[in-house]
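Reading through the structure tokens given below for one structure.
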Amino acid sequence: MPPFDVPEGDPFGPHNLPYGVFSPNGDPGGSAERRVGVRLGDHVLDAGAAARALGSPYAELLAQPTLNPLLAAGRTTWSDVRRALTAWVTVPAHRETLEPHVHPLSEVTLHLPFEVADYVDFYASENHARNVGQIFRPDAADSLTPNWKHLPIGYHGRSGTVVVSGTDVVRPSGQRKAPTEAEPVFGPSVRLDIEAEVGFVVGAPSPMGTPVPLSSFRDHVFGLCLLNDWSARDIQAWEYVPLGPFLGKSFATSVSAWITPLDALDSALVAPPARTHPLLPYLDDSVEEPGGYDLRISVAINGHVVSEPPFSTMYWTAAQQLAHMTVNGASLRTGDLYGSGTVSGPSDAERGSLLELTWNGRDPLELPDGKRTFLEDGDEVTLTAWAPGPGGTKVGLGEVRGRITSAAGVTEA
Ligand code: CA
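Residue 665 in our numbering is what sits at position 368 of the sequence shown, and the numbering runs on without skipping anything.
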């Protein structure tokens, strides 16, 4: 009987077990009642309470209001805890003990599951980079910049505005200047966009001055989640030369409430696309295990699927991104988050941003509720994904959802 008898084929079965942080509904105390949870089907297991009830040595590590202590514990502990959790939810003898510590998802509130340390965002899809190059630099000889095939391009974002799925996003205001206008104007963004991405969550830190090689990726990165890098294209276009994105991105970044451990995704590992340029040794992954992930993403606006970006097409892997961001000696901290960059596949229906899907507004999308170029107030964007799991199963990634509300100081019509 439920909750432990998850239907066969459920992408959140015992082969998945993503981690989150929740509090039971009706708990006005909020943060005091936050605790680590593990998703099983449409239920969540209170991991710390379960550990206590079963006399597990991991009770203290799991009875926490964030995932950070678990993240910091390192790879051996991550594997041990996962093995223990798998046994708890699959061995029938534990059921009676664990029943009181399982909550229906409909009866809990999900929170940002970890304290985000630094946030970095990359630009790793060749299809996306070429599309953006063609849109913004139509006269350039090559749609890729000269460095693109030699290093994973990235920028530092704003960790304090990373929010959990379900959080409303207020339309940002800022400066914009159309090429045809003489002076910039200030106001709510009129070109608000999404970027469908995957975020990687760093667990184990690294010391300053010591680069993290490709081969140490799994020692440091705990798991991944869907990520929506909301982008105000009009603000971005005016501000980004020469130092890159700033206020056009920093107003909000949404992540899933569930972090899928990399240990759940071994069946999804794939080789990245063939390298067309030789790589410097610290990025050369030709002798490493395949570093790509086969994640099938869907992007929906108000429930209508507009795109299905395939993560397996990403040119740069998460391991290469980690090696690159530490090769200068920059340290890693527990809770560091880095985004893959917009995921766009080769075909029109696989593009991960409205910028590309509408070709900068030239070709509006036809949605059941009307045409769209960029997002309107009230629009809700949902990213979902699954990956191949063991034995033909699917591993579901937690959704990331966000609704646009009118700009601060502007009343909705
Ligand atoms: Ca991005």
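No residue lacks a Cβ here, since even glycine has one placed at the ideal position from N, Cα and C.
On a predicted model such as this, the values are computed, not experimentally measured, just so you know.
CB-CB under 7 Å to residue i, same chain, minus the five flanking residues each way: which ones, in chain order?
| i | result |
| --- | --- |
| Leu562 | Tyr590, Ala684, Val692 |
| Pro569 | Gly588, Gly589, Met611, Tyr612, Thr614 |
Just to confirm my understanding: we take residue i, look at its own chain, exclude 5 residues before and 5 after, and list those with CB closer than 6 Å. What are they?
| i | result |
| --- | --- |
| Ala710 | Caution applies to Ala710, whose pLDDT of 49 falls short of 50 and renders its modelled position unreliable; the model cannot decide the point. |
| Thr387 | Pro311 |
| Val413 | Ser456, Val459, Gly632, Leu634 |
| Leu694 | Leu523, Thr557, Ala682 |
| Arg332 | Asp343, Gly345 |
| Arg349 | Ala356 |
| Leu382 | Leu314, Val335 |
| Gly371 | Ala501 |
Over the uninterrupted beta strand (DSSP E) stretch that includes residue i, give me the two end residues.
| i | result |
| --- | --- |
| Leu523 | 518-525 |
| Gly667 | 667-669 |
| Asp560 | First-last for Asp560: undefined, no H or E at that position. |
| Ile701 | 691-702 |
| Asp531 | Counting along the chain, Asp531 falls outside any beta strand (DSSP E), though it belongs to the alpha helix (DSSP H) covering 530-536. |
| Gln361 | Note, Gln361: premise wrong, no beta strand (DSSP E); not H, not E. |
| Val399 | 399-401 |
| Phe319 | 316-321 |
| Ala663 | For the record, residue 663 in the displayed sequence is Glu; it is not Ala. 662-664 is the extent of the beta strand (DSSP E) around Glu663. |
| Ala493 | 493-499 |
| Phe483 | 482-485 |
Which same chain residues, not among the five before or five after residue i, have their C-beta less than 8 Å away from its C-beta?
| i | result |
| --- | --- |
| Gly658 | Arg488, Thr670, Phe671 |
| Phe608 | Val495, Gly589, Tyr590, Asp591, Leu592, Arg593, Ile594, Ser637, Val640, Ala682 |
| Trp338 | It should be noted that the sequence gives Gly, not Trp, for residue 338. Same-chain partners within the cutoff: Pro299, Pro300, Val303, Pro304, Asp307, Phe309, Gly310. |
| Arg258 | The structure shown has nothing for residue 258, since the chain only spans 298 to 710. |
Under 8 Å from any heavy atom of ligand 1, does the C-beta of residue i make it?
| i | result |
| --- | --- |
| Asp546 | The sequence given here places Lys at residue 546; Asp does not occur at that position. Checking the Cβ of Lys546 against ligand 1 gives yes. |
| Tyr285 | The requested residue 285 does not occur in the structure, where the chain is confined to residues 298 to 710. |
| Asp526 | yes |
| Gly638 | yes |
| Glu423 | no |
| Glu677 | no |
| Glu492 | yes |
Which residues share a DSSP beta bridge with residue i?
| i | result |
| --- | --- |
| His453 | Val417 |
| Tyr590 | Leu566 |
| Thr550 | Val459 |
| Val584 | DSSP, once it has assigned bridges, lists no residue as partnering Val584. |
| Ser503 | Leu629 |
What residue range is occupied by the uninterrupted alpha helix (DSSP H) comprising residue i?
| i | result |
| --- | --- |
| Ser376 | 372-387 |
| Val624 | First-last for Val624: undefined, no H or E at that position. |
| Gly541 | First-last for Gly541: undefined, no H or E at that position. |
| His408 | Run containing His408: none in the alpha helix (DSSP H); it sits in the beta strand (DSSP E), 405-408. |
| Leu654 | 651-654 |
If you measure from the CB of residue i, is any heavy atom of ligand 2 nearer than 8 Å?
| i | result |
| --- | --- |
| Asp563 | Among the ligands in the structure shown, ligand 2 does not appear; only ligand 1 can be found there. |
Looking at C-beta atoms only, is the number of pairs between the region 497-513 and the region 573-591 that lie closer than 8 Å three or more?
yes
Assess, as a yes-or-no matter, whether the region 654-667 is touched by the region 588-602 under the definition of 3 or more beta carbon pairs within less than 8 Å.
yes
Would you call the region 370-377 and the region 412-430 in contact, with 3 or more CB pairs under 8 Å?
no
Would you call the region 397-404 and the region 333-346 touching, i.e. three or more CB-CB distances under 8 Å?
yes
Under 8 Å: do the region 536-549 and the region 439-455 share three or more Cβ pairs, one atom per stretch?
yes
For the region 465-473 against the region 521-537, do three or more pairs of beta-carbon atoms, one drawn from each stretch, fall closer than 8 Å, so that the two count as touching?
yes
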